[in-house]
Structure formats: C-alpha cells, structure tokens
Amino acid sequence: MHYNRFPKSQRLCSNKSIEQLFAGGGTAKSLAAFPLRAVWMHSSHIPQPSSILVSVSKRRLKHAVDRNRTKRQIREAWRNNRDILEDVTGINIGFLWLSDTVQPTPLVVRKMRNLLHNISEKTRTETTQTTPCVK
Numbered sequence: 041m042h043y044n045r046f047p048k049s050q051r052l053c054s055n056k057s058i059e060q061l062f063a064g065g066g067t068a069k070s071l072a073a074f075p076l077r078a079v080w081m082h083s084s085h086i087p088q089p090s091s092i093l094v095s096v097s098k099r100r101l102k103h104a105v106d107r108n109r110t111k112r113q114i115r116e117a118w119r120n121n122r123d124i125l126e127d128v129t130g131i132n133i134g135f136l137w138l139s140d141t142v143q144p145t146p147l148v149v150r151k152m153r154n155l156l157h158n159i160s161e162k163t164r165t166e167t168t169q170t171t172p173c174v175k
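Numbering (the working numbering), first residue to last: 41 to 175.
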C-alpha cells in the first residue's frame, strides 16, 4: 500500500516557502494543541498537495535520540491522518514541538488529529467567506 508513504512532494523544502510561513505579519495562521503547534498558510492558487515541515528544537529536547523519535512520531501521525485535509489543497503546514519532554505516541496522534480538524474547519470557513455568491 503506497498511500502511507511520505514523498518529497509532501515535504516543505523550499527556503522561500519556509520564510513566508514564518515571516511576521504574513498571512500565516497558527494553532496550538500541546505538545504541538501548527503554523499554516496557503502556498498558491495552484492545486497541489499539502506540504509539511517538522521542527523539534534542540532547546526543547537536548538529546538527538529524543528529537528524532519525536519527529518520527509527528511524521507518522501526519501520514495516518492527512486524509482529514484531503479537500484542502495548496497548504503549507509547519509543526513545531512545544514540550520539554518526549510524549507518548497516542497523545501525539490525538493532538495531530485535533489540529488537522481545526485547520480544515478554518480553511473551509475562510474559503466560504472570501468566495462571493454568484446567482
């Protein structure tokens, strides 16, 4: 089953896109569900798959083993729940780790689901508000 893969097309690698995502005063929006924080924005009007960035700071988790495990947990939670955003295209999401300790995987998965549902809701309400009704 190839659906559960995490191809390069779904990774946010472009420096320009990353700068736009984290630039102050931009159109990026943010939500937090401890121990995760999601920062997202629409990348363009061209339909493309959603791209993500995973960041776990050395300031939060000192040991590389813990940082790598946490990034693996976040990527796995994304792979298993990305279908929540299947109706949303062209969105860049940055997942930032907020906790100073390693968290259990079921908690990370639950918080990821929560964040993705909230992002889906907010993007749906934004698109319905910005699209004028034509009769």
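We treat Cβ as the ideally placed atom computed from N, Cα and C, and that holds for glycine.
Straight-line Cα distance separating Thr110 from Leu61: Each residue's alpha carbon lies about 22 angstroms from the other.
Just to confirm, is the Cβ distance from Ser70 to Ala63 under 8 angstroms? no
Could you round the C-beta distance between Leu93 and Phe135 to whole angstroms and report it? I think they count as a contact, below 8 angstroms. Going by Cβ atoms, the distance from Leu93 to Phe135 rounds to 7 angstroms, so yes, they are a contact pair.
If I'm right that Pro89 touches Gln50 with Cβ under 8 angstroms, what's the distance once you round it to whole angstroms? 6 angstroms
Flag this pair as touching only if the region 94-107 and the region 127-143 have three or more C-beta atom pairs under 8 angstroms; answer yes or no. yes
Quick one: using the 10 Å Cβ neighbour count with 16 as the cut-off for buried, is Ser91 buried or exposed? buried
Neighbourhood of Arg100 by C-beta, 6 angstroms cutoff - its chain only, sequence neighbours within 5 removed: Trp137, Asp140
Through-space distance from Leu125 to Cys190, alpha-carbon basis: In this structure the chain extends from 41 to 175, so residue 190 is not present and cannot be described.
Tell me the residue span of the alpha helix (DSSP H) that contains Leu52. Unbroken run through Leu52: none, as it is neither H nor E.
Assign Met41 to one of three DSSP states: helix, strand, or coil. Residue confidence for Met41 is low, a pLDDT of 47 falling below 50, so the modelled location carries little weight; the figure read from the coordinates is stated next. Three-state DSSP puts Met41 in coil, outside helix and strand.
When you compare each of Ala72, Thr168, Lys102, Ser57 to Val148 by their alpha carbons, which one comes out closest? Ala72
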